[in-house]
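**Q** Shown below is the structure under consideration.
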Amino acid sequence: MKRRTEQQRDRLAAHVFVCTNDRDSEYACCGDAGADETVDAVKSWLRERNAFWSPIGVSTTDCLALCSEGGTAITIQPRNEWFSDVRPEDVPDLLEAEFGPNAQRLAGDTGQTRD
Ligand code: FES
Numbered sequence: 030m031k032r033r034t035e036q037q038r039d040r041l042a043a044h045v046f047v048c049t050n051d052r053d054s055e056y057a058c059c060g061d062a063g064a065d066e067t068v069d070a071v072k073s074w075l076r077e078r079n080a081f082w083s084p085i086g087v088s089t090t091d092c093l094a095l096c097s098e099g100g101t102a103i104t105i106q107p108r109n110e111w112f113s114d115v116r117p118e119d120v121p122d123l124l125e126a127e128f129g130p131n132a133q134r135l136a137g138d139t140g141q142t143r144d
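Numbering of the sequence shown is given in our numbering, commencing with residue 30 and proceeding in unit increments.
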């Protein structure tokens, strides 16, 4: 086992987790509410700003307990921000509000920006 905490702290300012859980049941799930398209929208927005994975990570995840027929659940860590009902068309406004128009605002309220 290797502890990689320092490496990841240096590399990542934040991590966007997008629920893509799909379930075969009567209950709503992100997999049925456009999750794949929402993940693509998140990745595209960050790639267009040269911020995909460094400094902002993106991962798909299982259920975040914000299930809805209206869209996908997203959490941004370590900021402890949580969203539900996110549609692909919501992603630019969500990410811009969180990271600034050019993904420059990396440390939340501290004002830290990247070079
Ligand atoms: S299925 Fe996505 S939050 Fe539950």
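Backbone N, C-alpha and C define an ideal beta-carbon position, used for all residues, glycine too.
As the structure is a computational prediction, the values presented were derived from the model and not from experiment.
How would you call Gly99, buried or exposed, if buried means at least 16 neighbouring beta carbons within 10 angstroms?
**A** With fewer than 16 Cβ atoms within 10 Å of its Cβ, Gly99 is classed as exposed.
**Q** Please list, in chain order, all residues with a C-beta atom less than 5 Å from at least one heavy atom of ligand 1.
**A** So the residues near ligand 1 by this Cβ test are Cys48, Asn50, Cys58, Cys59, Cys92, Leu93, Leu95, Cys96, Ala102.
**Q** May I ask which residues mark the beginning and end of the alpha helix (DSSP H) holding Gln37?
**A** Run containing Gln37: 34 to 40, per the alpha helix (DSSP H) assignment.
**Q** Is the distance from the Cβ of Glu110 to the Cβ of Glu127 below 8 Å?
**A** Closer than 8 Å, so yes.
**Q** According to DSSP, is Thr139 part of a helix, a strand, or is it coil?
**A** Low confidence applies to Thr139: its pLDDT is 49, below 50, so where it sits in the model is not reliable, and the reading given next is rough at best. If DSSP states are grouped into helix, strand and coil, Thr139 belongs with the helices.
**Q** With a Cβ-Cβ cutoff of 8 Å, do Ala64 and Thr101 count as a contact?
**A** Taking 8 Å as the Cβ cut-off, Ala64 and Thr101 qualify as a contacting pair.
**Q** Could you check how far apart the C-beta atoms of Val198 and Val87 are, in whole angstroms? I think they sit under 8 Å.
**A** Residue 198 cannot be examined here, being either before or after the span of the chain that is shown, 30 to 144.
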